[in-house]
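What follows is a short report on a single structure.
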Amino acid sequence: MASTTEAPPRKQHKVPQRPGDRIFSGISTGSGALILVVLAGVAVFLITEAWPALYAPASSIPGGQGLAVYIWPLLFGTLISAVLALLIAVPLAVAIALFITYYAPRSLAKVLGYIIDLLAAVPSIIFGLWGMNVLAPLTVDPASWLSENLGFIPFFAGPASSTGRTMFVVIIVLAVMVLPIITAVVREAFVQTPSLHEEAALALGSTRWEMIRMAALPFGRSSIVGASMLGLGRALGETMAVAMILSVSGGVSFNLISSENPPTIAANIALQFPESTGIALNTLIASGLVLFAITLIVNMAARAVINRRKEFSGAN
Amino acid sequence: MSTPTTTQNQDPDLDRPLGGVPLTAGQLPRGAAPGTLAAVAVAGVLLWLIAGWNIAAVAVLGAIAYTVIIYAWSRTVEGPRKATDRFVTAVVTGAFLLALLPLISVIVTVVTNGLARFDAEFFTYSMSGVEGEGGGIYHAIMGTLIITGLATLISVPIGMFTAIYLVEYGRGKLAKAITFFVDVMTGIPSIVAGLFAYALFVVIFGPGVRMGFAGAVALSVLMIPTVVRSTEEMLKLVPNELREASYALAVPKWRTISKVVLPTALAGIATGVTLAIARVIGETAPLLVTAGLADAMNMNPFDGRMTTLSVFSYYEYQSPGLFAEAAFDRAWGAALVLIIIVMLLNLVARLISKLFAPKTR
Numbered sequence: 001m002a003s004t005t006e007a008p009p010r011k012q013h014k015v016p017q018r019p020g021d022r023i024f025s026g027i028s029t030g031s032g033a034l035i036l037v038v039l040a041g042v043a044v045f046l047i048t049e050a051w052p053a054l055y056a057p058a059s060s061i062p063g064g065q066g067l068a069v070y071i072w073p074l075l076f077g078t079l080i081s082a083v084l085a086l087l088i089a090v091p092l093a094v095a096i097a098l099f100i101t102y103y104a105p106r107s108l109a110k111v112l113g114y115i116i117d118l119l120a121a122v123p124s125i126i127f128g129l130w131g132m133n134v135l136a137p138l139t140v141d142p143a144s145w146l147s148e149n150l151g152f153i154p155f156f157a158g159p160a161s162s163t164g165r166t167m168f169v170v171i172i173v174l175a176v177m178v179l180p181i182i183t184a185v186v187r188e189a190f191v192q193t194p195s196l197h198e199e200a201a202l203a204l205g206s207t208r209w210e211m212i213r214m215a216a217l218p219f220g221r222s223s224i225v226g227a228s229m230l231g232l233g234r235a236l237g238e239t240m241a242v243a244m245i246l247s248v249s250g251g252v253s254f255n256l257i258s259s260e261n262p263p264t265i266a267a268n269i270a271l272q273f274p275e276s277t278g279i280a281l282n283t284l285i286a287s288g289l290v291l292f293a294i295t296l297i298v299n300m301a302a303r304a305v306i307n308r309r310k311e312f313s314g315a316n
Numbered sequence: 001m002s003t004p005t006t007t008q009n010q011d012p013d014l015d016r017p018l019g020g021v022p023l024t025a026g027q028l029p030r031g032a033a034p035g036t037l038a039a040v041a042v043a044g045v046l047l048w049l050i051a052g053w054n055i056a057a058v059a060v061l062g063a064i065a066y067t068v069i070i071y072a073w074s075r076t077v078e079g080p081r082k083a084t085d086r087f088v089t090a091v092v093t094g095a096f097l098l099a100l101l102p103l104i105s106v107i108v109t110v111v112t113n114g115l116a117r118f119d120a121e122f123f124t125y126s127m128s129g130v131e132g133e134g135g136g137i138y139h140a141i142m143g144t145l146i147i148t149g150l151a152t153l154i155s156v157p158i159g160m161f162t163a164i165y166l167v168e169y170g171r172g173k174l175a176k177a178i179t180f181f182v183d184v185m186t187g188i189p190s191i192v193a194g195l196f197a198y199a200l201f202v203v204i205f206g207p208g209v210r211m212g213f214a215g216a217v218a219l220s221v222l223m224i225p226t227v228v229r230s231t232e233e234m235l236k237l238v239p240n241e242l243r244e245a246s247y248a249l250a251v252p253k254w255r256t257i258s259k260v261v262l263p264t265a266l267a268g269i270a271t272g273v274t275l276a277i278a279r280v281i282g283e284t285a286p287l288l289v290t291a292g293l294a295d296a297m298n299m300n301p302f303d304g305r306m307t308t309l310s311v312f313s314y315y316e317y318q319s320p321g322l323f324a325e326a327a328f329d330r331a332w333g334a335a336l337v338l339i340i341i342v343m344l345l346n347l348v349a350r351l352i353s354k355l356f357a358p359k360t361r
């Protein structure tokens, strides 16, 4: 098997450099550098276009109270929807990864993995249509029950929305949408669990669950953390499903089942952008810059966690 | 600890060898789990058909009932450890089935609603001058193909050469940085990619710019990292012996890569590119802010608004106008076409990797 770390032979000084070689390595290096340039470019161009909003008088920002007041409810909506979606998605994803790796028949594992991946292939607009037409009506009755019986919990304060187009539905749809990416990363970690550990646990008489708890879960822990953060990044940036499902009005509120919901940054951009001009447009781009910064930090942290596991696991 | 329901009492040595501590443990009969499941299923079907309960509620109750029964039964017969194991098995399987529900529901919903407008007119007409019923998505299909095609043309060379750099040339800090930031880039929200393309084109063309090419640039930002990752994985799989054999014949490095390494990995790369296309072809948000919406056919990606399937579906649903029913039908029809395209691309990708994979032996 080819070892990845020493794939091409070392360059020696005497080897003649043909023009073809120089051109080819130049193009390759250039392409690689271009990716870094693009990422930097995303930041630079967003800042350029957001700049006027940063320095505009507060009264000219939509809402009339300045940029921070405009963005804060959006940021709140973004964070609460993504975090709660993650609370649903992570346990489910870990359970699914366990099922595929340890419980399903070996021959079916690959196919089952594909099926979960298909969830990731469904375009977000279709999740939006599905969420508002199928899922939202289904939640109307449970939501009113929740507001009547559990109304003392701030999340279920009510009054329950009659259309069902609430933060609650958004959270469920977001959870479904981030499920595949979390499952994929966690499954990769479980597959790499040293089989000697698994076999040792089984040989000592542990049940399958005890083997998982003692061998697989400790090994996969940092992957679960990293995968959750990746999922968080996805949920933070999800646009169309949120824009279509959520009936937007009102500001910061923990109430998940009423018809007054804070929008998320991404959904707000999608809803407002086509009709916006001038400083309103710059404000939207400024909010996009905030979203970019948050997702960048979350993703970088996630990758750092996952990569660290790779270095220390001894599995590769 | 365990009741001797299934253990055999004829062998006292194993059952109570040392002051009453048994060496054998009770075990549920062979068909316990499937039997319980069947019993719960029968009860559920009866409740559904005769008592008229909601099928979803019956399914959830049935799953819970099965878990409780098997746990309690196993705990009394087999003890807490085995019982926990059976409990986890039930929960984990249930989680998988639960995840299938939205997938099935989504597909069923889109197919049933979308078939209303699956006629010839739908595929051959644009929305130019259409009010009320009729009209089609020809312009949106063409727009989707043009924009996605352009995005592929931009992304595949950049992505492939980056992967070549990472596998064949890259050493040191630059390669590490690229690997890391390619991973980070896969997490960029699609709307941010759209805003970037818009901001870039505003700098060049002035405010309010909308064109298909801007959409293609936005999609490339989303597509490049996927192409890099999959190509990189495939190039790493090419055995080193092939490269060495080529060098031994005094073939220059660039010809080795283009004539030996790339052809060997071609099937895998094609799979990766197809999956990358499937990922971006359904994108809505970045196209909403860059390519916009047009009713008429527009084949020129450098001039004016250009409709894609997803954006078309979104607008038909969001602002249906006076003839809402017809617009909703068109929205669902476009969604169905989109999901068919995406599923086909996924299928093609798997087929490519299966049929054209290099023989390892």
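Chains as they are written, first to last, in full-length UniProt numbering: chain A, 1 to 316; chain B, 1 to 361.
Using N, Cα and C, we set each Cβ at its ideal position, and we do this for glycine too.
Thr48/A and Val88/B have their alpha carbons spaced roughly 53 Å apart.
Secondary structure within the segment 130-184 of chain B: the alpha helix (DSSP H) runs of 4 or more consecutive residues, fully enclosed, are 138-164 (chain order).
The straight-line gap separating the alpha-carbon atoms of Ser287/A and Ala216/B is approximately 23 Å. Straight through space, the alpha carbons of Phe196/B and Thr290/B are spaced by roughly 9 Å. In the DSSP assignment, Val248/A is bridged to Asn261/A. Out of Ile164/B, Ala63/B and Ile70/B, the CA that lies nearest to the CA of Arg30/B is found in Ile70/B. With contacts defined as CB atoms closer than 9 Å, Ile191/B and Val122/A fail to qualify as a contacting pair. In summary, the residues of the segment 16-43 of chain A whose CB is separated from some CB of chain B by less than 8 Å are Arg18, Gly20, Asp21, Ile23, Phe24, Ser25, Ile27, Ser28, Thr29, Gly30, Ser31, Gly32, Ala33, Leu34, Ile35, Leu36, Val38, Leu39, Gly41 and Val42, in the order they occur in the chain. Under the DSSP assignment, Asp117/A falls in the alpha helix (DSSP H) whose first and last residues are Arg106 to Ala121. Residue state for Trp254/B is assigned as helix, using DSSP reduced to three classes. About 7 Å separates the CB atoms of Leu296/A and Val184/B; that is less than 8 Å, so the two are in contact. Ala227/A is the residue among Ala227/A, Gly237/A, Ile23/A and Val134/A whose C-alpha sits nearest the C-alpha of Ile306/A. Using a Cβ-Cβ cut-off of 9 Å, Leu118/A counts as an interface residue toward chain B, since at least one Cβ of chain B sits closer than that to its own.
When CB distances to chain B are screened at a threshold of 9 Å, the residues of the segment 237-248 of chain A falling below it are Gly237, Glu238, Thr239, Met240, Ala243 and Met244, in chain order. Leaving aside the five residues that flank Ser276/A on each side, the residues in its chain whose CB is nearer than 7 Å to its CB run, in chain order, Leu284. Taking a C-beta distance under 9 Å as the contact criterion, Tyr314/B and Met229/A do not qualify as a contact pair.
Asn300/B is outside the set of residues whose beta carbon lies under 9 Å from a beta carbon in chain A.
Residues of chain A whose Cβ lies closer than 7 Å to the Cβ of Tyr169/B are, in chain order, Ser25, Ser28 and Thr29. Under the 8 Å Cβ criterion, the segment 52-67 of chain A does not count as touching the segment 205-219 of chain A, having fewer than three qualifying pairs. Residues are counted here when their Cβ sits less than 7 Å from a Cβ of chain B; for the segment 44-74 of chain A these are Phe45, Leu46, Thr48 and Glu49, given in chain order. Distance between Ala200/A and Leu217/A, taken at the CA atoms: about 15 Å. In this structure, the beta-carbon distance from Ala63/B to Ala90/B falls below 9 Å. Taking the CA atoms as reference points, Arg22/A sits about 23 Å from Ile154/B. Where Phe87/B is concerned, the enclosing alpha helix (DSSP H) starts and stops at Pro80 to Gly114. Taken through DSSP and simplified to helix, strand or coil, Phe45/A comes out as helix. Under the Cβ criterion of 9 Å, Pro29/B is not counted among the residues facing chain A. Taking Ala214/B as the centre and dropping the five residues before and after it, the same chain places the C-beta of Ala197, Tyr198, Phe201, Thr290 and Ala291 closer than 7 Å to its C-beta, in chain order. The alpha-carbon separation between Ala294/B and Ala243/A amounts to approximately 21 Å.
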